[in-house]
Amino acid sequence: MKIIVVGYGRVGTQVVRLLSGQDHSIMVIDKNRSALEKAVEDAHAKVLIGDCTDPDMMRKAGAEDADVLLALTREENTNLMAAQIARVAFRVPKAIAMIYDPQREQTFHAAGIDTLQITVSGAELLVSQMGLEAVRMAERMKESATAVSPAIPVPVRPFPASGPYYVIIMGGGKVGYYLGRTLLEEGHEIAVIENDPEIYGMVSRQLDCPVILGDGSTYSVLEKAGAKRCNVFVAVTNHDQDNLIGCEVAKLEFGVPKTISRVKNPKNEAIMQQLGVDVTVSSTAIISSLIESELPTHKIRMLLSLRAGQLEIMEYVLDGNSPVVGHQLKELTMPPQCNIVTILRDGDAVV
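Going letter by letter, the sequence shown gives residues 13 to 363 in the working numbering.
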């Protein structure tokens, strides 16, 4: 079997050692170079250094033909996002995320996502969950779902026909602060959730609204913030995985009708929309698009992006030195899934 292990900490080390004696191809992804060197030394595993929540990194790790992905980092939200990317974007048959909060296990299990409280059960249980032979079988095995829906079907409350709205903002940094101030000026009711005590203190002093100290991707904190009556949940932290999980919990547990997520890595926009986030906002993609539109001298320009970036209309300007000049269309070899829409000459369409 081809197995991708994300995170080579205490649990990842145990799991890789259990699997290394068997006839499996193991790829380990971690941000820590020294941890990866240890993986090579301990188990002769293939390794990649990088961000496991980046779809390109997943592809490089071989997710397109992997049999199992195990997300075993110390960060729950990273594990949950990595597992969902593997299942939804790459159709990995089995993806398991290590978690610590039992409430999250219930939430994401109901949505069809495999989770395991590995700190309680041990690495042997994880291996047995995969249907593989372990050094010794665990005494207990939890049943887990095997499929993740591309867009989680959950009952949400109807969105009000008109405002003012109750908006919960996850993240009290600069983006969250200015968004909150603008919404208050427009007459909306808001609450801000911030995990950093220092930022929490500053926002509490500067905004006339409830500010909750805690992790906005957890049930208890969202409940305290009033998510049961929330109309819009906006996640604007600096971490895509936290924003995604916050939006998912808001929808899954509280039926919030509209979720909006800030996206740091524009490659994550499509997957976040597939996983049920209603609106994604990538400042990187917006700035890039503006620059492209303002620089018409470039040979290649993106004119339009559709279906969350899955379909793009590009303009390519040919000069006299282009190798295709003087050839008929039928003589050209086009890249796969690429079609010529039109040809413009002196502003007029000739095809």
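We put the CB at the ideal spot given by N, CA and C, even for glycine.
Here the structure is a predicted model, which is why all the values come from computation and not from measurement.
Simplified DSSP state of residue 356, which is helix, strand or coil: strand
Would you grab the beta carbon distance between residue 293 and residue 275 for me? Rounded to a whole angstrom, and I think it's under 8 Å. Confirmed, about 7 Å.
Mind checking which residues open and close the alpha helix (DSSP H) that includes residue 284? 281–286
Per-residue burial, residue 360 [other beta carbons within 10 Å of its own, 16 or more giving buried]: exposed
Taking DSSP as the reference, what is the three-state secondary structure of residue 94? helix
Take every Cβ of the region 259–274, pair it with every Cβ of the region 228–235, and state whether three or more of those distances are shorter than 8 Å. yes
On the three-state DSSP scale, how would you describe residue 14? strand
Does the distance from the C-beta atom of residue 369 to that of residue 93 stay below 9 Å? Since the first residue of the chain shown is 13 and the last is 363, residue 369 is not available in this structure.
Cut-off 6 Å between Cβ atoms - residues of its own chain near residue 58, not counting five sequence neighbours on either side: 39
Can you tell me the Cα-Cα spacing of residue 35 and residue 253, whole angstroms? Residue 35 and residue 253 have their C-alpha atoms roughly 33 Å apart.
Determine which residues share a DSSP beta bridge with residue 211 and list them. DSSP, once it has assigned bridges, lists no residue as partnering residue 211.
So is residue 270 buried or exposed if we call it buried at 16+ other beta carbons inside 10 Å? buried
Got a sec, what are the start and stop residues for the alpha helix (DSSP H) residue 341 sits in? Per DSSP, residue 341 belongs to no alpha helix (DSSP H) and is neither H nor E.
Can you list, in chain order, the residues of its chain whose CB lies under 7 Å from that of residue 211, leaving out five sequence neighbours each side? 184 and 185
I think residue 54 touches residue 48, with their Cβ atoms under 8 Å apart; what is that distance to the nearest whole Å? The pair is not a contact, with the Cβ atoms about 11 Å apart (cut-off 8 Å).
Taking 8 Å as the cut-off, is the C-beta of residue 47 nearer than that to any heavy atom in the ligand PLP? Annotation note on the ligand PLP: not contained in the displayed structure, which lists no ligands.
Report yes if the C-beta distance between residue 126 and residue 108 is below 9 Å; otherwise report no. The answer is yes: Cβ separation under 9 Å.
Closest residue to residue 87 among 248, 63, 70 and 106 (Cα-Cα distance): When each option's Cα is compared against that of residue 87, the closest is 63.
Compute the distance between the beta-carbons of residue 204 and residue 243, then report whether it is under 9 Å. no
Return the chain-ordered list of same chain residues with a C-beta closer than 7 Å to the C-beta of residue 98, the five sequence neighbours on each side being excluded. 70, 75, 81, 104 and 107
Assign residue 273 to one of two classes, buried (16 or more other C-beta atoms within 10 Å of its C-beta) or exposed (fewer than that). buried
Do residue 207 and residue 225 have their C-beta atoms within less than 9 Å of each other? With contacts defined as CB atoms closer than 9 Å, residue 207 and residue 225 qualify as a contacting pair.
Bridge partners - residue 223, DSSP secondary structure assignment: 204
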